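S.K.:
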Amino acid sequence: MNRFTAIYSTLSFVISISLMSAAFIVPTRLNWYEESGFIEVSTAILFGLSGLIALSAWSHDKRETYGLFALTMILAFLREFDAHKAFTTQSILKSRFYLSDQTPLGEKLIGFLFILLLLYTAIRLLSYVSGWLKEVFSLQKDAIVIAIAFGSLCVGKFLDTSPRIFTGLQEYAYQLRAIEECLELNSAVFFVLAAILVYSKKNSKKENTISFKKYADKLCTH
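215 is the number that numbering that gives the first Met the number 0 gives to position 216 of the sequence shown; each next residue is one higher, with no gaps.
#1: Which class does K133 belong to by DSSP, given the choice of helix, strand or coil?
#2: To the nearest angstrom, report how far apart L175 and L158 are at their CA atoms.
#3: Of the residues A177, Y198, S186, which one's Cα is nearest the Cα of V25?
#4: What separation, rounded to the nearest whole angstrom, lies between the Cα atoms of T88 and T102?
#5: Apart from the five residues on each side of it in sequence, which residues of its chain come closer than 8 Å, Cβ to Cβ, to S129?
#6: Grouping DSSP H, G and I as helix and E and B as strand, with all else coil, what is K217?
#7: From the DSSP output, in three-state form, read off N207 for me.
#8: Might you give, ordered along the chain, the residues of its own chain that have their beta carbon closer than 6 Å to the beta carbon of E179, omitting 5 neighbours on each side?
Shown next as structure tokens:
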């Protein structure tokens with residue numbers, strides 16, 4: 000792990016833990032952790048940023064994994080800003096949207112196409128899971144960063160739903176919600192790092208190609 004990755008990761012964890020701690024230390028409830036609050040908006044922006052960086056890498060190297068990563072991040076960005084229900088009568092991710100007679104046919108068609116896009120993206124990503132796990136166990140930097148990002152996201156989602164599953168935790172719903180939002184922010188921060196590593200890998204590959212061409216040209220002139 001190089002110095003940039005180490006410093007970036009350390010700062011990310013420090014900021015996330017500090018934001019989580021505020022939910023327990025500050026006596027009044029903070030609106031940072033609410034819907035459309037500071038943390039959620041920051042998370043959405045970071046998802047969008049990681050998508051743009053990955054898209055830039057894909058524009059130079061049409062590797063499917065780069066394209067899928069960019070698409071996933073853009074979809075996450077749209078999800079954070081509630082795009083799945085912003086332009087329709089209700090959420091396109093719920094079955095009643097498609098079963099209701101009151102939902103316009105045009106909206107159902109758009110929703111169906113969006114669901115197909117989600118399914119396609121998920122299926123294609125699953126096809127790379129075994130290779131990704133091998134890279135994680137071989138301690139490849141970008142694979143580990145993605146594992147941290149994905150792990151933070153999964154733990155956060157579990158904590159967010161836990162008060163509904165375990166009723167004894169309902170009195171801690173605010174704190175658990177705060178932790179979930181901070182973990183999701185941490186996930187977005189690490190996805191940005193993953194996108195940067197992907198982009199730098201593309202640049203490194205390009206530099207190696209240029210160096211090889213220069214070396215080949217030099218041999219040809221002698």
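Using N, Cα and C, we set each Cβ at its ideal position, and we do this for glycine too. Quick caveat, the model's predicted, so the values are computed rather than measured.
M.R.: This is what the structure gives:
#1: Collapsing the DSSP output to three states places K133 in a helix.
#2: 6 Å
#3: A177
#4: So the alpha carbons of these two residues sit roughly 7 Å apart.
#5: none
#6: Low confidence applies to K217: its pLDDT is 49, below 50, so where it sits in the model is not reliable enough to give any reading.
#7: The pLDDT assigned to N207 is 43, lower than 50, so where the model puts this residue is not dependable; a value taken from the coordinates is nonetheless given after this. Helix, per DSSP.
#8: G155, L158, D159
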